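Here is the structure we will look at, set down as structure tokens.
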Amino acid sequence: MMKISILGAYSTKFGELWKVSPRALAKEAMESALKASGLKASQIDALFVGNMLSGILGNQANLGSLLVEELGVQIPAFKIEGACASGGLALHNAINSLKAGQYKTVLVLGIEKMTDHSQDEITTALMAAGSDEERMAGATFPGVYALMAQAYMQKYKVTEEDLAAISVKNHYHGSLNSKAQFQFLVTVGDVMRSSKIADPLKLLDCSPISDGAAAIVITSENIVKKVRKPVQIIASEVGTDTLSLHDRKSFTSLSAVVDASTKAYKKAGIKPENIDIAEIHDCFSISEAIATEDLGFSKKGEGARDIAKGKRTLFKGDIICNPSGGLKSCGHPVGATGIKQIVEITEQLRGEAGKRQVSAAKIGLTHNVGGSGAVAAIHILRI
Amino acid sequence: MTGIVGYGTYIPKYRLKLSEIAQMWGKDIVEIEVGLRISEKAVPGFDEDSVTMGIEASKKAINMAGINPTSIQAVYFGSESHPYAVNPSSTTLGEYLGIGNNYFAADLEFACKAATAGMQVTVGLLGNKNIKYGLVVGSDTAQGKPHDALEYTAASAGCAYILGNKQSEIIANILDMSSYSSDTPDFWRREGAKYPSHFGRFTGEPAYFTHVLTEGKNLLAKNKIKPQDFSYCVFHMPNGKFPRVAAKKLGFTPEQLAPSLTVDKIGNPYSASSLMGLASVLDVALPKQKIFFVSYGSGAGSDGFILETTKEILRKQKKIVSVLKQMEDKIYISYATYLRQTHAI
Amino acid sequence: MITSPVKLWRRQKNTSALIGKKGKILNWTIIRIPARSFVDQAPYPVVIVKMENGENMIGQLVDWQEKDLKIGKEVISVLRRLKTEEKEDIIYYNIKFKPL
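Chains as they are written, first to last, in my numbering: chain V, 5 to 387; chain L, 2 to 346; chain S, 4 to 103.
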């Protein structure tokens with residue numbers, strides 16, 4: 005059975021990185037991941053890039069070839085896109101190339117540069133993740149998730165305050181993460197007072213616009229590394245669902261996540277309760293509530309309430325969710341998130357997470373979603 | 002004989018009180034309301050235009066007529082606010098109504114009488130047996146320039162009439178029609194101009210009254226018929242005062258005119274104005290009643306019609322969404338919202 | 004979103020068939036930070052409607068008041084202009100919903 009090991013992992017700071025160009029962002033992430041892996045660029049067989057908006061915002065296609073220039077070697081390079089799940093999908097494809105025996109050691113980069121563009125350019129661009137019907141209805145990304153939030157709140161009698169607790173938790177975690185975009189605490193009151201974006205979602209229910217990149221080096225080589233403890237990726241699964249929210253069977257559960265995670269748990273030979281830590285795709289507070297139910301951590305309808313009770317919080321919960329601060333506090337450069345999640349779990353499993361270290365973490369999961377749930381990539385890691 | 006087999010009307014939901022306009026420009030509202038005899042006007046939604054309103058009205062007309070849209074063989078769309086300067090509203094309308102492709106079509110412009118001119122064309126096609134059914138639409142979202150007198154009256158609405166030849170379907174026969182036309186520059190709008198211009202008091206006696214009264218008198222004389230022979234009269238309504246004066250001068254009573262005076266509650270929706278008054282009368286008319294109908298379009302001309310209702314009208318009146326009901330189905334907006342909705346800001 | 008004349012034309016028959024259909028609001032939200040094309044219309048509600056034929060549709064709610072924003076509220080589909088166009092652009096019509 006082939007083992008997929010992570011040799012090196014690195015994330016840049018996330019935030020409004022005005023001075024840093026996309027090339028510089030990629031260079032920093034790739035070179036640092038290589039350094040951490042103890043390898044040179046010439047030892048990499050291929051580059052997989054996860055990115056959503058280079059074409060839409062930057063008018064730049066051919067991103068694989070562009071970014072491989074920053075590595076200084078002419079190796080095969082690919083851009084893989086699945087909206088906000090681009091990072092997770094890039095990793096899934098990289099793993100498949102290793103399993104196929106085509107490559108042995110590859111670099112996977114997630115990258116997004118958003119702040120060069122105006123707010124309404126970005127709002128418009130992000131709706132590329134949805135459907136034409138949604139765009140023509142004047143829906144925005146927060147708008148689609150707001151519809152989910154209303155359905156969830158109505159069905160399970162959950163309040164806006166319950167959802168606000170999710171942002172509170174993630175900001176608490178982010179305050180312990182020097183790479184996070186926002187390192188300040190927020191209260192439920194702060195969230196409730198923040199301005200409405202798409203009723204009932206408010207500013208502090210929504211992840212921010214960010215720049216950032218994250219990179220990992222993975223290998224199928226049977227190398228015993230004494231430099232780093234080997235974290236292994238023991239499952240990599242993808243699921244899809246309809247593009248439009250209104251075409252789905254449920255507005256309060258993402259079947260793409262359920263499908264992918266069911267396959268992942270089976271592949272890994274574990275159950276949800278075996279997960280110690282998870283990086284969840286909380287593009288909006290409601291997303292995390294629904295995710296913890298879809299992943300089997302909480303019973304249906306109890307996700308938000310369990311988070312409010314502290315069951316997913318650092319130092320007191322059982323399955324710690326978003327120790328990095330999640331998308332809300334750490335930031336959400338869309339293509340980079342899926343890989344940053346892997347970087348976080350890797351650091352946690354290796355005991356290198358500093359102030360936000362989860363003790364005795366052995367098994368971690370990453371949950372990366374594209375659009376309002378049209379695609380999901382689930383990875384399970386173990387040390 | 003040719004006549005109306007179905008009609009439909011559409012009044013947008015929003016209303017602006019004339020007092021809001023008067024307050025904006027520091028005018029005496031009492032003086033204005035007394036002069037114009039209007040208290041509020043219909044304002045279109047941000048995303049409405051003459052075509053969308055035309056579709057709403059036409060669907061009701063088709064429902065009343067009880068025909069398949071594909072049997073409509075002519076579409077004439079009259080408006081002063083066609084969405085495009087060049088691109089036919091009539092076929093956009095036709096396509097969204099599912100009429101098919103086998104029909105005569107054209108867009109008409111003749112200020113407020115564009116649609117009644119379309120009716121006359123359609124009567125001709127029916128009489129010549131070129132078509133079995135023809136659809137005529139009068140619909141406008143034309144506006145008046147802020148701070149101008151027309152601002153108080155310029156409104157929006159849409160009307161649709163389906164004409165046919167089958168006696169068993171006709172609710173009002175068109176017994177006769179004629180027109181009086183001239184070159185009289187009382188009111189105009191240049192290419193590219195957002196708002197129309199007018200020449201104040203010149204729009205009265207030499208324009209509106211000369212055409213409406215002369216056409217009216219000619220039509221009565223030609224048919225050797227008197228005002229007393231009619232149950233109703235309908236005139237174009239640029240404001241509440243002019244049709245009342247015209248009716249009186251031609252020898253009609255206030256009672257004959259009253260059911261048609263939609264202007265009092267919705268203002269003047271240009272190409273839909275006289276047709277809205279006619280619909281308001283047809284909503285309540287009984288069989289075998291004569292209706293005297295004279296429209297007016299600036300520039301200028303008047304189209305006159307003598308109609309007589311049939312017994313079919315009772316059955317088809319059951320299908321109406323009445324003009325009265327739509328006039329009362331309203332949301333009041335502020336002057337600022339009105340500017341926003343009419344794309345002035 | 005792309006609003007080319009070809010796309011408008013290709014979709015017309017479908018759009019035409021959807022006018023005047025009734026449904027009930029399943030969920031609603033109010034968009035306060037819109038995409039570029041809709042900036043001049045915000046804030047406006049977007050609703051998911053369960054149509055009488057069982058299918059769901061998403062659309063903008065027009066001619067609305069606060070009291071219309073209720074789960075289960077009956078609505079009807081209408082044809083309206085999609086957005087405010089540039090001076091030389093094609094005019095694009097789209098299905099929206101109006102409270103009954």
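Backbone N, C-alpha and C define an ideal beta-carbon position, used for all residues, glycine too.
Because the structure is a prediction, the values reported are computed rather than measured.
Length of the line joining the Cα atoms of residue i and residue j
i, j, result
"Val35 of chain L", "Ala168 of chain V", "57 Å"
"Gly101 of chain L", "Asn97 of chain S", "20 Å"
"Gly305 of chain L", "Phe293 of chain L", "8 Å"
"Trp22 of chain V", "Asp141 of chain L", "50 Å"
"Thr154 of chain L", "Glu306 of chain V", "59 Å"
"Gly339 of chain V", "Met157 of chain V", "29 Å"
"Ser254 of chain V", "Gly375 of chain V", "15 Å"
"Met56 of chain V", "Cys160 of chain L", "49 Å"
"Glu164 of chain V", "Tyr8 of chain L", "50 Å"
"Ala365 of chain V", "Asp280 of chain V", "6 Å"
"Thr256 of chain V", "Met152 of chain V", "6 Å"
"Leu64 of chain S", "Ala115 of chain L", "32 Å"
"Lys183 of chain V", "Cys334 of chain V", "7 Å"
"Leu113 of chain V", "Gln64 of chain V", "17 Å"
"Lys159 of chain V", "Ile346 of chain L", "42 Å"
"Ile12 of chain L", "Ser157 of chain L", "7 Å"
"Asp177 of chain L", "Gly135 of chain L", "18 Å"
"Asn166 of chain L", "Val6 of chain L", "8 Å"
"Ser72 of chain L", "Ser169 of chain L", "16 Å"
Neighbourhood of residue i by C-beta distance below 7 Å, restricted to the same chain and skipping five residues each side
i, result
"Leu258 of chain L", "Cys234, Pro244, Arg245, Ala248"
"Leu208 of chain V", "Ser171, Val190, Asp194, Val195, Ser198"
"Glu348 of chain V", "Glu283, Pro327, Ser328"
"Ile175 of chain L", "Thr3, Gly4, Val124, Phe306, Leu308"
Beta-carbon proximity list for residue i, same chain, < 6 Å, skipping 5 on both sides
i, result
"Leu61 of chain V", "His121, Ala129"
"Glu20 of chain V", "Thr119"
"Ala40 of chain V", "Gly12, Tyr14"
"Asp66 of chain S", "Lys101"
"Tyr95 of chain S", "Thr6, Leu11, Leu85"
"Phe47 of chain L", "Gln342"
"Lys267 of chain V", "Glu241"
"Trp330 of chain V", "Reading the sequence as shown, one finds Gly at residue 330 of chain V and not Trp. Cβ within range, chain order: Asn174, Asp286."
"Leu151 of chain L", "Gly145"
For residue i, three-class secondary structure by DSSP
i, result
"Leu180 of chain V", "coil"
"Lys332 of chain V", "helix"
"Glu283 of chain V", "strand"
"Gln361 of chain V", "coil"
"Ile292 of chain L", "strand"
"Asp149 of chain L", "coil"
"Met65 of chain L", "helix"
"Leu205 of chain V", "strand"
"Thr317 of chain V", "coil"
Residue environment, residue i, which counts as buried when at least 16 other CB atoms sit within 10 Å
i, result
"Asp92 of chain S", "exposed"
"Val362 of chain V", "buried"
"His148 of chain L", "exposed"
"Gln327 of chain L", "buried"
"His371 of chain V", "buried"
"Phe186 of chain V", "buried"
"Lys99 of chain S", "buried"
"Thr93 of chain L", "buried"
"Met140 of chain V", "buried"
"Pro8 of chain S", "exposed"
"Met5 of chain V", "exposed"
"Gly216 of chain V", "buried"
"His344 of chain L", "exposed"
CB of residue i within 9 Å of CB of residue j, strictly
i, j, result
"Ile307 of chain L", "Lys291 of chain L", "yes"
"Leu353 of chain V", "Leu369 of chain V", "no"
"Ile321 of chain L", "Lys61 of chain L", "yes"
"Ser90 of chain L", "Ser59 of chain L", "no"
"Leu75 of chain V", "Ile220 of chain V", "no"
"Gly147 of chain V", "Thr32 of chain S", "yes"
Cutoff 8 Å; reference residue i; Cβ partners in own chain excluding five residues on either side
i, result
"Glu125 of chain V", "Leu61"
"Tyr269 of chain V", "Ala239, Lys275, Pro276, Gly300, Ile384"
Chain-ordered chain C contacts of residue i [CB-CB under 8 Å]
i, result
"Met131 of chain V", "In the structure shown, chain C cannot be found, because the protein chains are V, L and S."
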